[in-house]
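Working notes for the structure below.
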Amino acid sequence: MSERKQNRRAFLRRGLATGAASGWALSRMSAASYARVIGANDRINLALIGCGGRGRYILQNMAKPADTNIALVAVGDIWKARLRSYPGDAERVFGRKPKAYPDYRKLVEDPDVEAVVIATPDHQHCGQTIDAVQAGKHVYVEKPIAALAGDLAELNKCYDVVKASKMAVQNGTQGVSCPAARALKQFIADRKLGKLFRVESTETAPLPYWVHYKGPKTEAQTDWKAFLYNRKDRPFDAHQHACWMGYHDFTSGTIGGWMSHFINTVHFVTGCDCPVSATTFGGRYAPTNDPRCDAPDQVTVVLEYAEGFHTQFVTHFGSAIDNETTLFMFEKGSVRTRFGHHIGNPSFSSDGVNDAIKPQKLMSDEPAYPGPAHVKNWLECIRNGGQPVANMAYGYKHGLAVIMGDMAYDLGRKVLFDKQKREVRT
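Numbering (this note's numbering), first residue to last: 431 to 856.
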């Protein structure tokens, strides 16, 4: 076992992955207390924190097609070249040049900004959401809301801050905005195939998705301390800055990167509570991985739920076999879907039990990619009140699942969630 992993295990055993016991309630929040109403016909002034590929995609391919009555008034990024170039690119798309901020904290203080899109590295999501909400901004935050085993205290605080506010917070788990997800939720509620007992999903790729990212080459080109954020100080490392998705100090790899999509969809369609336990196996085995990256490139996470079912999430790099396969198993058959970020048009049958029910599609038409609908849902909640479909209650549950999966991987043993104390323990 590596010295680094031994240190992580010792750190976790001392109780890092705990949170405040007060304020637990994943109950529904009233529309009046949840969203600050801007007005049904009012233009919403947006800002983007993190101007990389994902942030640009959310604005240009999801927000703009979903709602023409928005304005991009500010952008923030720590990479100086990107902060110089993107305002001009944004002007060509949105018709005005946004203000540029190297420090996101100054951006959220801008009185012209009403809502922010957060598309920064995983370890910054939770803290930046807290800061934005406390500054009175609505938030669309990329998944995962929490990155690693040691982030539970911050996740608990984020949940409490959002719950106490009037801000609309949407997590970037857009799969739940697919009409097929709502149809599957009703299908399960109607018990068409009886009791659900297992959900398994596999997501694969030949190359780890983190190996080809580019970033600043020197410390002078960025704000390295802002990148580290709440992580331990260290000398500038250009590869860590660019390929942070492959470094376990900043991310849990595919547990946060991919399982968050899958498990949020499971939470949505089943209506279940938080996971009660997690067991994880994983490691670095893919010959296509970069040897500098230490996040696991092979992972199996098993989560148990009090409702009487369990999930198994499997991911592996090095081969694309069984990619985007998700299977819901019931006592009378099964439902097959695509992966959680866009489940496609599920098919159901009695496959695995008998031949009584032939494969049938759940919907008559193939659903469109749900990204624009997901952003539209958020913008509607900002204007008219109500809860976004992937609100902070769902964010808490997917963030907790990520934390538990990563902690079980670090410790090499099963971990349990104490709902009353909001703690994860062995």
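Here a beta-carbon is modelled for each residue, glycine too, at the ideal position from N, C-alpha and C.
Check                                                                                                                                                        : Outcome
Can you check DSSP and say which residues form a bridge with Ile474?                                                                                         : Ile500
CA-CA distance, Arg628 and His568?                                                                                                                           : 36 Å
Looking at C-alpha atoms only, which residue of Ile833, Thr632, Val845, Leu841 is the closest neighbour of Glu584?                                           : Ile833
At the level of alpha carbons, what is the spacing between Gly602 and Asn694?                                                                                : 10 Å
Look up Thr634 in the DSSP assignment and say whether it is helix, strand or coil.                                                                           : strand
Ignore the nearest five residues each way along the sequence and tell me which others in Asp542's own chain have a CB closer than 6 Å to its CB.             : Asn475, Val503
What's the call for Asn784, buried or exposed, on a 16-neighbour Cβ count within 10 Å?                                                                       : exposed
In whole angstroms, give me the CA-to-CA distance for Asn821 and Ala598.                                                                                     : 8 Å
Rounded to the nearest angstrom, what separates Gly801 and Phe657 at their Cα positions?                                                                     : 27 Å
By DSSP, does Phe747 sit in helix, in strand, or in coil?                                                                                                    : strand
Out of Gly683, Ser607, Val729, Tyr570, which has the shortest C-alpha to C-alpha gap to Leu578?                                                              : Gly683
By a C-beta neighbour count over all protein chains shown, 10 Å radius and 16 as the cutoff for buried, is Lys827 buried or exposed?                         : buried
So what's Ser868 in DSSP terms, helix, strand or just coil?                                                                                                  : Summary: the structure shown does not reach residue 868, with the chain confined to residues 431 through 856, and so no result is reported for it.
Residues in the same chain with beta-carbon distance under 6 Å from His669, minus the five sequence neighbours each way, listed in chain order, please.      : Arg722
Under 6 Å Cβ to Cβ from Lys849, same chain only, skipping five residues before and after it: list those, please.                                             : none
Among Glu734, Arg714, Gly605, Ser777, whose alpha-carbon lies nearest the alpha-carbon of His746?                                                            : Arg714
Does the region 605-621 come close enough to the region 718-733 that 3 or more CB-CB pairs lie under 8 Å?                                                    : no
Buried or exposed for Gly712, please, with buried defined as at least 16 other CB atoms from any protein chain shown within 10 angstroms of its CB.          : buried
Between the Cα of Phe760 and those of Leu809, Ile618, Lys593, spot the shortest distance and give me the residue it belongs to.                              : Ile618
Between which residues of its own chain and Ala610 is the CB-CB distance below 7 Å, once the five residues before and five after are set aside?              : Ile773, Gly774, Asn775, Pro776, Leu792, Met793, Pro797
Which of helix, strand or coil does DSSP assign to Tyr659?                                                                                                   : coil
In this structure, what does DSSP give as the bridge partners for Ser777?                                                                                    : Arg766, Lys791
Are Phe680 and His553 touching if we call contact CB-CB under 8 Å?                                                                                           : yes
May I have the straight-line CA-CA distance separating Trp654 from Phe666, to the nearest angstrom?                                                          : 7 Å
Would Val538 and Gln490 qualify as a contact pair, given that the criterion is a beta-carbon distance under 8 Å?                                             : no
Indicate, with yes or no, if the ligand SAH has a heavy atom lying under 7 Å from the CB of Gln728.                                                          : Absence of the ligand SAH is noted for the structure shown, with no ligands found whatsoever.
Tell me which residues share the same chain as Pro495 and place their Cβ nearer than 8 Å to its Cβ, disregarding the 5 neighbours each side in the sequence. : Pro802
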